[in-house]
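Plus 71 on top of the position in the sequence shown (first one is 1) and you've got the numbering used here. The next block holds one structure in the form of structure tokens; read it before the comments.
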Amino acid sequence: MSTAGMQHTGVLGDLYARPYAYDFFQAVRLLRAAQMQQGAVGDDPVRFRTLLSLETPASAIYTLTQPDAFRPPVMTITFMGLTGPSGALPVRYTEMLLERRYRHRDQTAHNFFDLFSHRLTTLFYQAWQKHHIFVDYERGGREGFQRQVLSLVGLGTPGLQRRLSDDGVDDQLFAYYAGRFAERAHTVEGLQSILSDQFDVKVVIEQFRGQWLRLDDNDCTQLGQLNCTLGEHPMLGKQIWDCQTKFRICVGPLKRRRFDDFLPTGKAYRALVRMVKFCVGQALEFDVQLVLDKRETPPCILGELGRNSARLGWTTWLDRPKTAINDASDVVLPEHAQRLAAAA
Numbered sequence: 072m073s074t075a076g077m078q079h080t081g082v083l084g085d086l087y088a089r090p091y092a093y094d095f096f097q098a099v100r101l102l103r104a105a106q107m108q109q110g111a112v113g114d115d116p117v118r119f120r121t122l123l124s125l126e127t128p129a130s131a132i133y134t135l136t137q138p139d140a141f142r143p144p145v146m147t148i149t150f151m152g153l154t155g156p157s158g159a160l161p162v163r164y165t166e167m168l169l170e171r172r173y174r175h176r177d178q179t180a181h182n183f184f185d186l187f188s189h190r191l192t193t194l195f196y197q198a199w200q201k202h203h204i205f206v207d208y209e210r211g212g213r214e215g216f217q218r219q220v221l222s223l224v225g226l227g228t229p230g231l232q233r234r235l236s237d238d239g240v241d242d243q244l245f246a247y248y249a250g251r252f253a254e255r256a257h258t259v260e261g262l263q264s265i266l267s268d269q270f271d272v273k274v275v276i277e278q279f280r281g282q283w284l285r286l287d288d289n290d291c292t293q294l295g296q297l298n299c300t301l302g303e304h305p306m307l308g309k310q311i312w313d314c315q316t317k318f319r320i321c322v323g324p325l326k327r328r329r330f331d332d333f334l335p336t337g338k339a340y341r342a343l344v345r346m347v348k349f350c351v352g353q354a355l356e357f358d359v360q361l362v363l364d365k366r367e368t369p370p371c372i373l374g375e376l377g378r379n380s381a382r383l384g385w386t387t388w389l390d391r392p393k394t395a396i397n398d399a400s401d402v403v404l405p406e407h408a409q410r411l412a413a414a415a
């Protein structure tokens, strides 16, 4: 093995020095992780042996020997196997092995029994691993469980997956927040927690933001035509005030570099819009209010290029004092601001 002659330090070194202090599953998990870091493959990063004794054990792991050039680490366990303190076979078999070892210096029979004990212990660990999904994730086995979780949010088939990857939204994000996305009725608190956690910023959602909705000519009141029943349909004008179908997402206060990420030309804005649309659907509209830290407000310099360029409506403040009390909260972006920016 590639670990021959290595001096293990850190957690792995402590595991070899004090194996009795570790839980069996955690110890095997650490050994598997070390095997993966070294580029080795295989399902047997450790060889299991049973303790040849009838004494009451003090821990699940009795010893753990270092690997050499020809064999992996050897772990002597006390809690299962064919023989030993917790052996499945009658005690007479353990007594026979003890007699052969100490009277005849023969360990052949013990080694033979340990062939089966090793396999049983390996299957025991794999059964534990199967029901602890995070362990399978550590080894790269993500497809099965992740597909099942994505099915809860409507992304269970390959044709529906990776639709948002171009906007920096990975499918694992939907798997991570599956409990929130799978809710029949999405809540403000749920959406706030998703966005705050994902982007690591303060997010506040204001509900019932009013807006004027323009009516089609066919929906307007015309004498002698439809929509003229007094007390039911008639209305004056071509627009109505609506405060039920729109909300506002307030993001910040933000530092300048993070503020730029949430502009329509940044990746964070695209990811935020796609996540919100996936969560709330097409029935509701929203806009995004960016709040810039009052200490980060840039001066308005015409002709400046690069990061400090003046972009009207985004990064332009006229004569904003450095001693301003409130953060700059003037930038409000509609959900389709990215399309407007691309068309400009």
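Yeah, the Cβ is synthetic: ideal placement off N, Cα and C, and Gly gets one too.
- Contact annotation: the stretch 182-193 does not touch the stretch 82-94, with fewer than three C-beta pairs closer than 8 Å.
- According to DSSP, L226 shares a beta bridge with no other residue.
- Counting of Cβ neighbours within 10 angstroms places V99 among the buried residues, the total reaching 16 or more.
- Listed in chain order, the non-local C-beta contacts of E209 below 7 Å within the same chain comprise A104, local neighbours out to five positions each way being set aside.
- The count of Cβ pairs closer than 8 Å, one atom from the stretch 120-130 and one from the stretch 153-162, reaches three, so the stretches are in contact.
- The stretch 327-346 makes no contact with the stretch 196-206, as fewer than three CB pairs between them are under 8 Å.
- As the crow flies, the alpha-carbon of Q293 is around 7 Å from that of C299.
- A straight line joining the alpha-carbon of E303 with that of F318 spans about 28 Å.
- Using a 10 angstroms sphere on the CB of L86, the tally of other CB atoms reaches 16 or more, which defines it as buried.
- In this structure the stretch 165-175 does not lie against the stretch 130-140, because fewer than three pairs of beta carbons, one per stretch, are closer than 8 Å.
- By the neighbour-count definition (other C-beta atoms within 10 Å, threshold 16), H175 is an exposed residue.
- For V272, the CB contacts under 6 Å within the same chain, skipping 5 residues up- and downstream, are V322 in chain order.
- DSSP links E356 through a beta bridge to K317.
- With fewer than 16 other beta carbons inside 10 angstroms of its own, H407 counts as exposed.
- The three-state reading of DSSP puts G215 in helix, counting H, G and I together.
- Counting the other CB atoms within 10 Å of its CB gives L383 a total below 16, which places it among the exposed residues.
- With respect to the 7 Å criterion, T147 and R120 are classified as neighbours on the basis of their beta carbons.
- L226 is positioned such that its CB atom lies closer than 7 Å to that of Q232.
- Exposed is the label assigned to G295, since fewer than 16 other Cβ atoms lie within 10 Å of its Cβ.
- Here the alpha carbons of A198 and M151 stand approximately 15 Å from one another.
- Remark: C-beta atoms of K309 and L286 approach each other more closely than 7 Å.
- Take P324, set aside five residues on each side of it, and the residues of its chain with a beta-carbon closer than 8 Å to its own are K273, V362, L363, D364, K365, D398, in chain order.
- Going by DSSP, Y164 is part of the alpha helix (DSSP H) stretching over 162-175.
- In this chain, W388 is not harboured by any alpha helix (DSSP H), its DSSP state being neither H nor E.
- Counting the other Cβ atoms within 10 Å of the Cβ of A256 gives fewer than 16, which makes it exposed.
- According to the DSSP assignment, F150 belongs to no alpha helix (DSSP H), since it is labelled neither H nor E.
- For Q109, no alpha helix (DSSP H) run applies, since DSSP gives it neither H nor E.
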